[in-house]
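Undergrad: Remember, my numbering sits 217 above the position in the sequence shown when you count from 1.
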Amino acid sequence: MSEQANERIVIHQGDITTLDVDAIVNAANEHLAPGGGVCGAIHRAAGPALAKACADVGPCPTGEARITPGFDLKARYVIHAVGPVWHGGTRGEDEKLAATYRSALALAETHGLNSIAFPAISTGVYGYPLERATRIAVDTVRAWLATHERPQRVVFCVFGDQAERVYRAALEPAGRSSA
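(1) Counting only the same chain and skipping the five closest in sequence on each side, list residues whose C-beta sits under 7 Å from that of residue 264.
(2) How far does the beta strand (DSSP E) with residue 260 in it reach, from first residue to last?
(3) Evaluate the contact criterion for the stretch 316–328 versus the stretch 296–305: three or more CB pairs, one atom per stretch, below 8 Å.
(4) Can you list, in chain order, the residues of its chain with a C-beta nearer than 8 Å to that of residue 303? Leave out the 5 residues immediately preceding and following it.
(5) Residue 225 by DSSP, collapsed to three states: which one?
(6) In terms of residue numbering, what span does the beta strand (DSSP E) encompassing residue 353 cover?
(7) Spatial neighbours of residue 257 within its chain, please: CB distance less than 8 Å, with the 5 preceding and 5 following residues excluded, ordered by chain position.
(8) Quick check: residue 335 and residue 376, are their CB atoms within less than 8 Å of each other?
(9) Please identify the residue among 385, 268, 306, 362 whose C-alpha is closest to the C-alpha of residue 246.
(10) Given this structure, state the Cα-to-Cα distance separating residue 385 from residue 308, to the nearest angstrom.
(11) Go ahead and label residue 291 buried or exposed: buried means 16 or more other beta carbons lie within 10 angstroms of its beta carbon, across all protein chains shown.
(12) Give me the Cα-Cα distance between residue 333 and residue 240, rounded to the nearest whole angstrom.
(13) So, at 7 Å on beta carbons, what are the nonlocal neighbours of residue 361 in its own chain, with the 5 sequence-adjacent residues on each side left out?
(14) Taking the alpha carbon of residue 242 as the reference point, which residue from 272, 248, 284, 351 has its own alpha carbon closest?
(15) Closest to residue 326 by CA distance: which of 351, 353, 369, 356 is it?
(16) Using a threshold of 8 Å, state whether the C-beta atoms of residue 244 and residue 255 are closer than that.
(17) For residue 245, report the span of its beta strand (DSSP E) as first-last.
(18) For a test of the three-state rule: what should DSSP assign to residue 332, helix, strand or coil?
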């Protein structure tokens, strides 16, 4: 089951705003306001109409997602997903992060989207440990793909060599060691 799911998962190191996919996921805040990091880059690349669209569909609680047009992006849509702030793992962060990924995937399915690209949600200013967040992201996406036809392709868009290594290791078959 996970082998079939793995065939539908791609890792890409680079700028998520340039990807030619049906939707890119924005690691958003609850107000869906333009911010820093990937959120700021998406807002700059999509143009000023994105902030207005976000105001129309927000706010968005942690663990949920909202969808807007992609405006000036190659992607037709932006799915704004609000991941949890890391508080040491004692406030249900793991389940909230998994719910965030499921919410984004459900929007992609509802809108008939075949491809979606995720950043490493909550690992920037929200402080989630990269390895832990990656395991949750990969496990959640694999579980979704095992029981859903859409999206057909999921891209994990990472920033930097270390993040790429962590994602590649998480996608290795169980029981294999990774460096």
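For glycine and all other residues, C-beta sits at the position ideal for the given N, C-alpha and C.
The structure presented is a predicted model; accordingly, all values stated were derived computationally and were not measured.
TA: In short, the structure shows the following:
(1) 288, 289
(2) Counting along the chain, residue 260 falls outside any beta strand (DSSP E), though it belongs to the alpha helix (DSSP H) covering 254–263.
(3) yes
(4) 310, 339, 343, 344, 345, 346
(5) coil
(6) Taken as a continuous stretch (DSSP letters only), residue 353 belongs to no beta strand (DSSP E), being part of the alpha helix (DSSP H) at 347–364.
(7) 251
(8) no
(9) 268
(10) 28 Å
(11) exposed
(12) 5 Å
(13) 319, 322
(14) It is 284.
(15) Here the closest residue by C-alpha is 369.
(16) yes
(17) Neither: residue 245 is in no beta strand (DSSP E) and is coded neither H nor E.
(18) In the structure shown, the three-state DSSP call for residue 332 is strand.
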